[in-house]
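Below: the structure, in C-alpha cells.
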Ligand code: GLU
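Residue numbers (the numbering used here): 7 to 517.
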C-alpha cells in the first residue's frame with residue numbers, strides 16, 4: 007500500500023532508556039528520513055506502577071544528544087496531540103467497549119486473589135494457569151454471567167477488566183519485514199487484559215493499537231521482544247475492522263552480551279566497564295547511578311555510528327557513516343534476523359575514529375573545558391594545536407590531558423625509569439651544550455630547530471636517542487610525548503631553556 011511513511015518511537019518511561027531502545031529510535035528515524043516520512047515520539051505511560059519520574063525527560067534528552075529529530079510528538083506537538091498516553095485516557099474506553107459489543111472482548115471480574123488461588127491450584131497439579139478459551143467460560147466473566155449480573159456488578163463498583171477473547175484453534179498468518187512470514191496457532195495464546203477499571207486505563211496492547219491507528223502509523227519498527235504480541239495485534243486490527251489500515255511490522259534483533267548468549271544488560275556493562283545507557287542516570291527511588299555514553303566521553307556521532315551497525319549492515323566494508331549517509335543507505339532488508347553482539351572495544355574504536363577526524367578548532371572547543379578544570383588558561387589556538395598533535399593516541403577527549411599536559415605545565419617531577427636511564431654519564435654535559443645551541447637559535451620554528459640541532463648532533467657524533475631522550479626528560483619529565491621539536495616549538499625558546507635549567511636545579515644525575 008502506498009501511503010505516507012509515519013513511524014513512531016513509543017517508549018515507556020520506566021527508567022533510563024537502554025541502548026537497545028536508542029537503536030530502535032535510530033532505525034525508526036533513519037527509515038522515516040530515508041522515505042521523507044514523519045518521526046513520531048509517543049510516550050506510553052499507561053502502566054502507572056512502573057512509571058519512573060524523570061524517565062521521559064531522559065528519553066527526550068537522549069534523542070537530542072544523538073541527533074534523532076522528532077517531527078511530531080511529546081515536546082513537539084502535532085496534529086494528533088496529545089502524544090502522552092496518560093493524557094489520552096478518555097479515548098480508549100470507547101474502543102474497549104466496541105470490542106465487547108462486537109464479541110471480540112469480554113468483562114472479567116476475578117480479583118487478584120482469586121487468580122492467585124487458581125494459579126496455585128494449577129501449579130499443585132503440575133500445570134500452568136492461562137486465562138484462555140479453555141477456562142474463560144468457567145470464570146466470572148460476561149461470557150458466563152447473565153447480562154443483568156454483569157450490569158449489577160459494574161453498577162455496584164466491582165472491579166473489572168476487559169479481556170480480549172482470543173479465538174481458539176485459529177492460525178494467524180503474519181508478515182514481518184525482517185523475518186518474513188510467521189504463523190501462530192491462537193490456542194497457544196491467552197486472553198490479554200485490554201482495559202482496567204481500577205485505574206481507568208488501557209493496557210499497552212489496546213493503547214498501542216488504537217494510537218497507531220489514530221496517529222496513522224504506517225510502519226511499526228520495534229524490538230524483537232514484541233514479536234510474541236504480534237498475533238494479538240493482528241487480531242486487534244481485525245477486530246476493529248482496520249485490516250486495510252494496519253501498519254507493516256519490523257521486529258529488530260536483540261542486542262546481545264559481549265560474550266554471546268543473552269540480552270545485553272546493565273550488569274554486563276558494570277562488569278566489563280561500558281555503559282548500556284546513552285546518558286548518566288540517577289534513580290530517583292534508590293539513588294543508584296548508571297554510566298552514560300555522553301558522560302563517559304563518547305561523541306554522539308560515534309555512538310550513533312556504532313549503534314547503526316549493531317543489527318544493520320550496508321553490504322560493503324565501509325564502517326564510518328555520518329547520519330546523512332546512514333539516512334541515504336538505510337533499509338530494513340539489510341537488518342539481520344539474528345541478535346547483534348555488542349563489542350565494547352568496537353565502541354571505543356568508533357570513538358577513536360571520530361577523535362582522529364576532528365578538526366583543530368573542534369578539538370579546541372572540546373578540550374578547553376578540561377584544560378580549565380586543570381587550571382590551565384590558554385588560547386583556543388594552543389588548546390587545539392596540542393590536541394591536534396596528540397589526537398591519534400587518544401580515544402576520548404579526556405585522554406588528552408595525560409597526553410598533552412606537558413605542553414602547558416612544566417614538569418615538577420621526573421619519571422624514575424627515564425631519569426635513571428638518561429640522567430647520568432655524559433648526558434648532563436651534553437644537555438648543557440645543547441642548551442647553548444638552543445639559546446643561539448633565533449627562529450625557533452619546528453623545522454629550523456630540528457635542522458640546527460640535528461646538524462649539531464651529527465657534527466659532534468652524539469647518539470640521537472641519547473640526546474633526544476635527555477631533552478625529553480627535561481621538557482616532559484617522562485618518556486612519553488610527541489617528537490621533541492613539536493614540544494620546543496609549542497612552548498617556545500624561553501620555556502625550553504627554563505625547563506632545561508629546572509632539570510639541572512632539581513635532579514641530581516645518577517652515578
Ligand atoms: N511501549 C513499548 C515499549 O516500551 C512500545 C512497543 C512498541 O513499539 O509497540 O517498548
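Every residue gets a Cβ at the ideal spot worked out from N, C-alpha and C, and that includes glycine.
Beta-bridge pairing by DSSP links residue 169 to 112 and 199. Here residue 362 carries a helix assignment [DSSP, helix/strand/coil]. Secondary structure at residue 207: strand, using DSSP grouped into helix, strand and coil. Take the alpha-carbon of residue 87 and the one of residue 313: they are about 30 Å apart. Counting other Cβ atoms within 10 Å of its Cβ, residue 131 stays below 16 and is therefore classed as exposed. Straight across, the Cα-Cα distance linking residue 483 with residue 505 is about 9 Å. When beta bridges are read from the DSSP output, residue 318 appears opposite 341. A Cβ-Cβ contact shorter than 8 Å links residue 17 with residue 50.
By the beta-carbon neighbour count (other beta carbons within 10 angstroms, threshold 16), residue 417 is buried. Residue 478 is positioned such that its CB atom lies no closer than 8 Å to that of residue 467. In the displayed model, residue 83 falls within a strand according to three-state DSSP. Annotation: the continuous beta strand (DSSP E) that includes residue 255 extends over 254-258. The alpha helix (DSSP H) runs of length 4 or more contained entirely in the segment 248-296 are, from start to end of the chain, 272-278.
Contact annotation, residue 23 with residue 284: C-beta distance approximately 6 Å; criterion of less than 8 Å satisfied. The residues 428, in chain order, have a CB closer than 6 Å to that of residue 475 in the same chain once the five nearest residues on each side in sequence are set aside.
Taking a 10 Å sphere around the C-beta of residue 363, we find fewer than 16 other C-beta atoms and assign the residue as exposed.
No Cβ-Cβ contact shorter than 8 Å links residue 377 with residue 397. The count of Cβ pairs closer than 8 Å, one atom from the segment 157-167 and one from the segment 94-114, reaches three, so the stretches are in contact. Spatial neighbours of residue 199 in its own chain (CB-CB distance under 6 Å, excluding positions within 5 residues in sequence) are listed in chain order as 167, 169 and 209. Distances between the C-beta of residue 50 and the heavy atoms of the ligand GLU include at least one below 7 Å. Looking at the DSSP output, residue 46 sits in a beta bridge with 14 and 78. Between the ligand GLU and the CB of residue 219, the shortest heavy atom gap is not smaller than 7 Å.
Three or more pairs of CB atoms, one per stretch, sit closer than 8 Å, so the segment 398-405 contacts the segment 340-358. Beta-bridge analysis with DSSP links residue 346 to 261.
DSSP places residue 226 within a strand segment (E or B) once states are collapsed to three. In the three-state reduction of the DSSP assignment, residue 28 falls in the helix class, which pools H, G and I. DSSP places residue 191 in the uninterrupted beta strand (DSSP E) bounded by 186-191.
Between the alpha carbons of residue 223 and residue 15 lies a distance of about 11 Å.
Comparing alpha carbon positions, the residue from 319, 350, 351 and 348 closest to residue 337 is 319. By the neighbour-count definition (other C-beta atoms within 10 Å, threshold 16), residue 191 is an exposed residue. Between residue 142 and residue 151, the gap from beta carbon to beta carbon reaches 8 Å or more. Note that the segment 227-246 touches the segment 93-105; at least 3 beta-carbon pairs, one per stretch, sit closer than 8 Å. In this structure the segment 444-464 does not lie against the segment 377-389, because fewer than three pairs of beta carbons, one per stretch, are closer than 8 Å. When DSSP states are grouped into helix, strand and coil, residue 147 belongs to the strand group. When the alpha-carbon of residue 75 is set against those of 39, 54 and 96, the nearest one is in 39. Residue side-chain check: residue 234 keeps its Cβ at 7 Å or more from all non-hydrogen atoms of the ligand GLU.
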